[in-house]
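Participant: Sequential numbering of the sequence shown, starting at 372, is according to the working numbering.
Glycine is no exception: its CB is placed at the ideal position from the N, C-alpha and C atoms.
This one's a predicted model, so the numbers in the text were calculated from it and none came from an experiment.
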Amino acid sequence: MGAEMQLIDLHPEPADMRRLVLEGMARQPRQLPAWLLYDAEGSRLFEEICEQPEYGLTRTEMALLEARAPELAAALGSGVLVEFGAGNARKVGPLLQALRPPAYVALDISADHLGPACQELQDRHPLVPVLGICCDYSALPQLPAHPLLSGQRRLGFYPGSSIGNFSPDEAQRLLRQLGQLLGPSSQLLIGIDQPKAVERLEAAYNDAAGISAAFARNLLVRLNRDLAGHFNPEAFAYSARWQPEHNRIAMALVSRQDQSVQLAGEIWNFAAGEPLITEYSVKYGPKEFTALAESSGWQPLGRWSDPAGDLSLHLLVTADS
Ligand SMILES: C[S@@+](CC[C@H](N)C(=O)[O-])C[C@H]1O[C@@H](n2cnc3c(N)ncnc32)[C@H](O)[C@@H]1O
Numbered sequence: 372m373g374a375e376m377q378l379i380d381l382h383p384e385p386a387d388m389r390r391l392v393l394e395g396m397a398r399q400p401r402q403l404p405a406w407l408l409y410d411a412e413g414s415r416l417f418e419e420i421c422e423q424p425e426y427g428l429t430r431t432e433m434a435l436l437e438a439r440a441p442e443l444a445a446a447l448g449s450g451v452l453v454e455f456g457a458g459n460a461r462k463v464g465p466l467l468q469a470l471r472p473p474a475y476v477a478l479d480i481s482a483d484h485l486g487p488a489c490q491e492l493q494d495r496h497p498l499v500p501v502l503g504i505c506c507d508y509s510a511l512p513q514l515p516a517h518p519l520l521s522g523q524r525r526l527g528f529y530p531g532s533s534i535g536n537f538s539p540d541e542a543q544r545l546l547r548q549l550g551q552l553l554g555p556s557s558q559l560l561i562g563i564d565q566p567k568a569v570e571r572l573e574a575a576y577n578d579a580a581g582i583s584a585a586f587a588r589n590l591l592v593r594l595n596r597d598l599a600g601h602f603n604p605e606a607f608a609y610s611a612r613w614q615p616e617h618n619r620i621a622m623a624l625v626s627r628q629d630q631s632v633q634l635a636g637e638i639w640n641f642a643a644g645e646p647l648i649t650e651y652s653v654k655y656g657p658k659e660f661t662a663l664a665e666s667s668g669w670q671p672l673g674r675w676s677d678p679a680g681d682l683s684l685h686l687l688v689t690a691d692s
């Protein structure tokens, strides 16, 4: 008899979402938390992005995990595997196979996506109990008290280079926060997309099929639905540009004209050409990422890369160990 998948719902309340959106709309330039991109449709579109020829990150990271799973499992040792931003929870498959942890915990903000992803994983790995927690991992003070988590060393898994969605200062705070969620003597395996030619980077976030653009515009559809917004998504052009001074791709919806939009009970004016930043993707080379990790309470334990050097998996251990 296999384990039964369990779910805990700690999704931010509508009032928290409203507060975060009002704060983001007051910033200059306007910028909303990247997690708002992931409602059910956003998660579906992200999976389509991963299949685009220009977006190699998912294929590269999956191949690296498959090729190195036994080595990674040996370096990680024993403990409950906790994944941050699990998405469809497919990347963890090779690790679960090699590690056979006492439990796997998937954290993700995308409520409608998380349950089916965890169930699919539970069906494929009936001997590893799966727990899904719907939450914003960047704002969670601690993991909930749950028998699957109690008294166990925790091993973090944070693939997809999602840490690049945070500014370097925010990323430093997030790495500390992940250390707090994982606890003493924990480890963190984190996937980091490497800096590469600007044309490749810009193409990866602006695929010819227009899926990245649809993913960004879906944010406005979500705001219309969840926060009484009146955006016309087509009145905004999608842009993904490399900003060399910040080592990041900036993804934005750029107002095509002067316009006023109602959102969350207020009126917001956009000038023609004004951007609303939907997300950033900061790129770190191995040295820069190691320095960031060391300044955030982690020590480097190992690094694995694909043959082309497009992506690095860094293994970190808490500085207390
Ligand atoms: C870029 S996708 C990566 C998905 C998967 N880990 C992969 O590597 O393909 C980011 C995932 O993290 C989730 N996510 C983004 N921000 C989050 C946050 N602050 N808290 C929890 N989940 C978040 C999204 O719902 C999405 O599933």
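At 3 residues or longer, and completely inside the stretch 425-457: list those beta strand (DSSP E) runs for me, N to C.
Facilitator: 451-455
Participant: Under the criterion of a Cβ to heavy atom distance below 7 Å, does tyrosine 651 qualify as lining ligand 2?
Facilitator: This structure lacks ligand 2; its bound ligands are ligand 1.
Participant: From the DSSP output, in three-state form, read off methionine 372 for me.
Facilitator: coil
Participant: Please determine, among Ile582, Glu375, Ser683, the residue with the shortest C-alpha to C-alpha distance to glutamate 412.
Facilitator: Ile582
Participant: Give every residue of the same chain whose Cβ lies closer than 6 Å to the Cβ of serine 414, excluding the five residues on either side of it in the sequence, and list them in chain order.
Facilitator: Ser481, His484
Participant: Determine the contact status of serine 666 and glutamine 543, defining contact as a CB-CB distance below 8 Å.
Facilitator: Against a cut-off of 8 Å, the Cβ pair of glutamine 543 and serine 666 comes out as a contact.
Participant: Which residue spans inside the stretch 607-638 form an unbroken beta strand (DSSP E) run of at least 3?
Facilitator: 607-614, 619-626, 630-634
Participant: Rounded to whole angstroms, what is the Cα-Cα separation between leucine 663 and proline 539?
Facilitator: 8 Å
Participant: Please give the ranges of any beta strand (DSSP E) in the stretch 449-506, keeping only runs that are unbroken, at least 3 residues long and fully inside the region.
Facilitator: Entirely contained in the stretch 449-506, the beta strand (DSSP E) runs reaching 3 residues are, in chain order, 451-455, 475-479, 501-505.
Participant: CB-CB under 6 Å to alanine 474, same chain, minus the five flanking residues each way: which ones, in chain order?
Facilitator: Excluding residues within five positions, the ones whose Cβ falls inside 6 Å are Val451, Pro500, Leu519.
Participant: Report the option in Ile620, Trp675, Glu422 whose CA atom is closest to the CA atom of phenylalanine 537.
Facilitator: Ile620
Participant: Can you find the residues in the same chain that come closer than 6 Å, C-beta to C-beta, to alanine 642, ignoring five residues on each side of it along the sequence?
Facilitator: Asp629
Participant: Taking C-alpha atoms, which residue in Leu498, Cys489, Asp677 lies nearest to cysteine 505?
Facilitator: Answer by Cα proximity: Cys489.
Participant: Run the proximity test for tryptophan 406: is its beta-carbon closer than 7 Å to any non-hydrogen atom belonging to ligand 1?
Facilitator: For ligand 1, at least one heavy atom lies less than 7 Å from the Cβ of tryptophan 406.
Participant: What span of residues does the beta strand (DSSP E) with arginine 525 cover, start to end?
Facilitator: Its beta strand (DSSP E) spans residues 525-529.
Participant: Do you know offhand how far proline 465's Cα is from leucine 391's?
Facilitator: 36 Å
Participant: Could you tell me how far apart the beta carbons of alanine 446 and leucine 686 are, in whole angstroms, since I believe they sit closer than 8 Å?
Facilitator: 6 Å
Participant: Name the one or two DSSP bridge partners that tryptophan 675 has.
Facilitator: Leu684
Participant: As a quick exercise: from Arg389, Met396, Leu408, pick the residue whose alpha carbon is nearest that of phenylalanine 586.
Facilitator: Leu408
Participant: For ligand 1, I want to know if threonine 689 counts as a neighbour, meaning its beta carbon is within less than 7 Å of at least one of the ligand's heavy atoms.
Facilitator: no
Participant: Counting C-beta neighbours from all protein chains within 10 Å, is the total for glycine 448 16 or more, i.e. buried, or is it exposed?
Facilitator: exposed
Participant: Spatial neighbours of glutamine 670 within its chain, please: C-beta separation below 6 Å, excluding the five flanking residues on both sides.
Facilitator: Once the five neighbours on either side are set aside, the close Cβ partners of glutamine 670 are Val688, Ala690.
Participant: Quick one: grab the DSSP three-state call for glutamine 543.
Facilitator: Per DSSP, reduced to three states, the secondary structure at glutamine 543 is helical.
Participant: Can you tell me whether serine 631 is buried or exposed, with buried defined as 16 or more other CB within 10 angstroms of its CB?
Facilitator: exposed
Participant: Under a Cβ-count criterion, where at least 16 other Cβ atoms within 10 Å of its own Cβ denotes burial, should valine 569 be classed as buried or exposed?
Facilitator: exposed
Participant: Going by DSSP, name the residue or residues bridged to glycine 562.
Facilitator: Leu684
Participant: Mapping DSSP to helix, strand and coil, what is tyrosine 508?
Facilitator: helix
Participant: What's the C-alpha gap between leucine 467 and leucine 684?
Facilitator: Rounded to whole angstroms, the separation of the alpha carbons of leucine 684 and leucine 467 is 16 Å.
Participant: For glycine 395 and glycine 486, I'd like the C-alpha separation in whole angstroms.
Facilitator: 29 Å
Participant: Straight-line CA distance for serine 652 to proline 615?
Facilitator: 12 Å
Participant: Is the beta carbon of alanine 611 less than 8 Å from the beta carbon of tyrosine 576?
Facilitator: yes
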